[in-house]
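**Q** At position 323 of the sequence shown (counting the first as 1) the number is 333 in the numbering used here, and the numbers step up by one without a gap.
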Amino acid sequence: MGIDRVDVDQIVLQAQFGLGAALTMWQLGIATVGAAQMLFPDGPHGQVFLENFMDQNIIDQVVPVLNYGEASLDDSLDNCDNDGYLDVGETGLLTVRLNNNGLIALSETTAVITSTSDLTLSNGGLIEFAPSVFGQTVEGSVEVTLNSHPGGSPLVQADITFTDANPEVSPVTVPATFTAHVDEVPNQLDTDNVEHGTNVWTASKDQGLVDWFVRVGTSSSPNNAWFVEDTASVLDAFLTTPFFQVNSVGNFSFSFFHRHSFEADGWDGGVIEASTNGTDWVDVGTSAYNGVITTNPESPISERPAFIDDNDSYPAFDQVTLDLGTAWQGQTIQIRFRIGCDSAAGGEGWFLDDISFPTLDTPLFLEQVLESEACLSCYETPAAALDAIYASLGAGNWPTSDSVLTYVSILENVCTE
Ligand SMILES: [Ca+2]
Ligand SMILES: [Ca+2]
Ligand SMILES: [Ca+2]
Ligand SMILES: [Ca+2]
Numbered sequence: 011m012g013i014d015r016v017d018v019d020q021i022v023l024q025a026q027f028g029l030g031a032a033l034t035m036w037q038l039g040i041a042t043v044g045a046a047q048m049l050f051p052d053g054p055h056g057q058v059f060l061e062n063f064m065d066q067n068i069i070d071q072v073v074p075v076l077n078y079g080e081a082s083l084d085d086s087l088d089n090c091d092n093d094g095y096l097d098v099g100e101t102g103l104l105t106v107r108l109n110n111n112g113l114i115a116l117s118e119t120t121a122v123i124t125s126t127s128d129l130t131l132s133n134g135g136l137i138e139f140a141p142s143v144f145g146q147t148v149e150g151s152v153e154v155t156l157n158s159h160p161g162g163s164p165l166v167q168a169d170i171t172f173t174d175a176n177p178e179v180s181p182v183t184v185p186a187t188f189t190a191h192v193d194e195v196p197n198q199l200d201t202d203n204v205e206h207g208t209n210v211w212t213a214s215k216d217q218g219l220v221d222w223f224v225r226v227g228t229s230s231s232p233n234n235a236w237f238v239e240d241t242a243s244v245l246d247a248f249l250t251t252p253f254f255q256v257n258s259v260g261n262f263s264f265s266f267f268h269r270h271s272f273e274a275d276g277w278d279g280g281v282i283e284a285s286t287n288g289t290d291w292v293d294v295g296t297s298a299y300n301g302v303i304t305t306n307p308e309s310p311i312s313e314r315p316a317f318i319d320d321n322d323s324y325p326a327f328d329q330v331t332l333d334l335g336t337a338w339q340g341q342t343i344q345i346r347f348r349i350g351c352d353s354a355a356g357g358e359g360w361f362l363d364d365i366s367f368p369t370l371d372t373p374l375f376l377e378q379v380l381e382s383e384a385c386l387s388c389y390e391t392p393a394a395a396l397d398a399i400y401a402s403l404g405a406g407n408w409p410t411s412d413s414v415l416t417y418v419s420i421l422e423n424v425c426t427e
C-alpha cells in the first residue's frame with residue numbers, strides 16, 4: 011500500500027524533531043514509525059514503515075515500552091495553609107506521569123503506590139491510566155492524607171510500581187521522595203542549593219520546546235540542579251530571578267556552580283544577562299565566558315561571547331564568580347541564565363547549582379523550615395469557622411460580657427489543634 015509523498019515528508023520531519031546527535035538507525039526507525047502512528051492513527055502509515063524497517067533489519071523486534079516520567083505531591087484537596095506542601099492533617103494528590111515509548115498501544119496501564127510514611131491513600135494506592143500510543147504521556151493521581159510526620163527530615167517516601175496488563179509490561183518499581191510538612195520563609199538565604207523545589211526562580215522561553223527544570227541526579231550539591239537541554243531545534247530559554255535590590259554599598263557579585271556540554275564548535279551556548287525593567291537585557295557574564303557563538307542567523311545569541319562546548323572540569327562542575335563592581339549599586343534588577351540553540355544538532359545541555367548572591371542587603375532565597383503548626387483540623391468554610399467559635403462557648407451559650415472568645419481568621423483558613 012502506498013503512502014502520499016506529503017504524508018511521508020510530514021512523518022520524517024516529525025520523527026527527527028528533538029532526536030539529538032549520535033543517532034542510531036534503530037532509534038531513527040522507531041521514531042519514524044512512532045511519528046507515523048501519532049500523525050495518522052487510523053491510517054496504514056505506521057505499519058507500512060514498520061514492515062519496511064523490519065525487512066531492512068533496522069528494527070528487529072517490537073515490544074511494549076512503558077517508562078517512568080515524574081511524580082509530584084501537593085496539598086490541593088483540603089489544606090490548612092495552601093502552600094503546595096502536604097502538611098500533617100492535609101489531603102492532596104500524588105500524581106504520577108508515565109511515558110509510552112514503545113510502538114505498541116497500551117490499554118491497561120496501572121500504578122500502585124506504597125509508602126512507609128504515615129499516609130492514607132485512596133483506592134488502596136491504585137492509579138488507573140488512560141490508554142496510550144507511542145510518544146504519549148499519561149497522568150493519574152491518588153488522594154493522599156498525611157497523618158503524622160516523624161520530624162527531622164522533611165520528606166515523605168513512596169514506592170511507585172507501574173505496569174500494563176494489555177499487552178503485558180513487567181512491573182517496575184521506582185522510589186520517590188517528596189518534601190512535606192514544611193513552611194517556606196522568604197528572604198532568608200544567600201544561596202539556593204536547588205534542593206527545595208523551584209525556590210524563587212521563573213523558567214520561561216521565547217522560542218523552542220523545552221524549559222529549565224529542576225533535575226535529580228546530576229548536581230554540585232546533592233541531589234538536584236537546574237537543567238536545560240541543548241535541543242536539536244531552535245531554543246531561547248531563560249531561568250530568571252525575581253526583581254531584587256542590589257546592595258547600595260560595595261561591589262555586587264554573585265557565583266554559581268555549573269556544568270555544560272553544548273553542541274561543539276560554538277553552535278549553541280549560554281549567556282548571563284541583567285535587566286532593570288524585565289524587557290531590555292544586557293550581558294553581564296563576559297569575564298567568565300570561554301568562547302563565542304558561531305555566526306548563525308538561527309541562533310538567538312549569534313556571534314556573542316558565551317559559555318560554549320564543555321566546561322573545563324566536565325563532567326565535574328566548575329564554580330564561576332562574577333564581580334559586577336559598583337555599576338548596579340542600589341538598583342532593582344533581575345538576572346537571568348539564557349541558553350541559545352540553533353537547529354540540526356544538540357548536546358547534553360547546561361546544569362546550574364548552588365547559586366549565591368552574598369552581597370545583597372536582603373537575602374534573595376527562601377528557606378524551608380519544618381511545619382510549626384499542627385494542622386489537625388481545618389475550617390473549610392467561614393460558616394464552619396463561626397460554628398467553631400460558638401462551640402467554643404459551650405452549647406446554647408451566646409457571648410456575654412465576660413465570654414472568652416477564640417479568634418479565628420476565616421480568610422486564611424487557619425487550623426486549630
Ligand atoms: Ca500545606
Ligand atoms: Ca506548610
Ligand atoms: Ca543542589
Ligand atoms: Ca544546535
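Glycine included, every Cβ here is placed at the ideal spot set by N, Cα and C.
Given 8 Å as the limit, is there contact between the region 43 to 56 and the region 81 to 91, that is, 3 or more CB pairs closer than that?
**A** Not touching, per the Cβ criterion.
**Q** Considering only residues of the same chain and omitting the five flanking positions on each side of G280, which have a CB-CB separation below 7 Å?
**A** Only H270, A316, F317, F347, R348, I349, W360 meet the Cβ criterion.
**Q** Taking the continuous beta strand (DSSP E) assigned at W36, which residues delimit it?
**A** Run containing W36: none in the beta strand (DSSP E); it sits in the alpha helix (DSSP H), 35 to 49.
**Q** According to the neighbour-count rule (16 or more other Cβ atoms, all chains shown, within 10 Å of its Cβ), is L421 buried or exposed?
**A** The predicted position of L421 is uncertain, since its pLDDT is 43 and thus under 50; a value taken from the coordinates is nonetheless stated next. Exposed, by the Cβ-count rule.
**Q** State buried or exposed for W36, treating a residue as buried only when at least 16 other CB atoms are found within 10 Å of its CB.
**A** Exposed, because fewer than 16 other Cβ atoms sit within 10 Å of the Cβ of W36.
**Q** Report yes or no: do three or more beta-carbon pairs, one from the region 211 to 221 and one from the region 241 to 253, lie closer than 8 Å?
**A** Enough Cβ pairs lie closer than 8 Å, so yes.
**Q** Inspect the beta-carbon positions of A81 and V122 and report whether they are closer than 8 Å.
**A** Going by C-beta atoms, A81 is not nearer than 8 Å to V122.
**Q** Classify T372 as helix, strand or coil using the three-state DSSP reduction.
**A** The answer is coil: DSSP assigns T372 none of H, G, I, E or B.
**Q** How is L104 classed by DSSP in three states: helix, strand or coil?
**A** Looking at L104 - three-state DSSP - the assignment turns out to be strand.
**Q** Is the CB-CB distance between A168 and A140 below 8 Å?
**A** Result no, Cβ atoms of A168 and A140 do not sit closer than 8 Å.
**Q** Report yes if the C-beta of V226 is less than 7 Å from at least one heavy atom of ligand 3; otherwise report no.
**A** Checking every heavy atom of ligand 3 against the Cβ of V226, none is found closer than 7 Å.
**Q** So does the region 332 to 343 actually touch the region 172 to 190, counting three or more Cβ pairs closer than 8 Å?
**A** Touching, no.
**Q** Do you know offhand how far S263's Cα is from D363's?
**A** Their backbone Cα atoms lie some 16 Å apart in a straight line.
**Q** Just the C-alpha distance for N62 and D19, rounded to the nearest angstrom, thanks.
**A** Each residue's alpha carbon lies about 16 Å from the other.
**Q** For ligand 3, is there any heavy atom lying closer than 7 Å to the beta carbon of D442?
**A** What the structure shows of the chain is the stretch from 11 to 427, and residue 442 is not part of that stretch, so it cannot be assessed.
**Q** Please write down, chain order preserved, every residue whose beta carbon lies under 7 Å from a heavy atom of ligand 2.
**A** Those residues are D91, D93, Y95, D97, H191, V192, D193, E381, given in chain order.
**Q** In the DSSP assignment, find the alpha helix (DSSP H) that holds A444 and state where it starts and stops.
**A** The first residue shown for the chain is 11 and the last is 427, placing residue 444 beyond what the model contains.
**Q** Where does F223 fall in DSSP's three states?
**A** Strand, per DSSP.
**Q** Quick check: what's the CA-CA separation for E308 versus G356?
**A** Each residue's Cα considered, the two are about 14 Å apart.
**Q** Measuring from each Cβ to the nearest heavy atom of ligand 4, keep the ones under 7 Å and list them in chain order.
**A** Residues flagged by the Cβ proximity filter: D240, A242, E273, W277, D278, C351, D352, S353, A354, A355, G356.
**Q** Determine contact between the region 204 to 217 and the region 361 to 381, defined as no fewer than three beta-carbon pairs at a distance below 8 Å.
**A** They touch, by the three-pair rule.
**Q** Can you confirm whether the region 32 to 51 touches the region 143 to 150 when touching is taken to mean that 3 or more C-beta pairs between the two stretches lie within less than 8 Å?
**A** Output reads yes: the region 32 to 51 touches the region 143 to 150.
**Q** Name, in chain order, the residues that DSSP records as bridge partners for Q217.
**A** Paired residue(s): D246.
**Q** Which parts of the region 245 to 278 are runs of the beta strand (DSSP E), unbroken and 3 residues or longer, counting only runs that do not cross its ends?
**A** The qualifying runs are 245 to 250, 263 to 271.
**Q** Could you spell out the range, first to last residue, of the alpha helix (DSSP H) harbouring Q24?
**A** Note, Q24: alpha helix (DSSP H), 15 to 26.
**Q** Does DSSP put L60 in a helix, a strand or coil?
**A** Reduced to three states, the DSSP call for L60 is helix.
**Q** DSSP on N111, reduced to helix/strand/coil?
**A** Residue state, collapsed to three classes: coil.
**Q** Got a sec? Which residues, its chain only, sit under 8 Å from V152 by beta carbon, not counting five neighbours each side?
**A** Cβ neighbours of V152 beyond the five flanking positions: L103, L104, I123, L131, S132, N133, G135, L136, I137.
**Q** Within the same chain, show all residues whose beta-carbon is closer than 6 Å to that of D128, passing over the 5 residues directly before and after it, in chain order.
**A** Excluding sequence neighbours, D128 sits near N157, S158.
**Q** E239 to E273, Cα distance in whole Å?
**A** Their Cα atoms are separated by approximately 11 Å.
**Q** In its own chain, which residues sit with a C-beta less than 6 Å from the C-beta of Q255, not counting the 5 before and 5 after it?
**A** Within the same chain, Q255 has close Cβ partners T342.
**Q** Determine the burial state of D85: buried for a count of at least 16 other Cβ atoms within 10 Å of its Cβ, exposed for fewer.
**A** Buried, because 16 or more other Cβ atoms sit within 10 Å of the Cβ of D85.
**Q** Tell me which residue opens and which closes the beta strand (DSSP E) that V330 is part of.
**A** It spans 328 to 333 - the beta strand (DSSP E) in which V330 sits, taken as one unbroken run.
**Q** By a C-beta neighbour count over all protein chains shown, 10 Å radius and 16 as the cutoff for buried, is D70 buried or exposed?
**A** Classification of D70: exposed, given that the 10 Å Cβ count is below 16.
**Q** Ordered along the chain, which non-local residues of its own chain (more than five positions away) have a Cβ less than 6 Å from that of F188?
**A** Once the five neighbours on either side are set aside, the close Cβ partners of F188 are L83, V166.
**Q** Distance, Cα to Cα, P74 vs N110?
**A** The straight-line gap from Cα to Cα measures roughly 8 Å.
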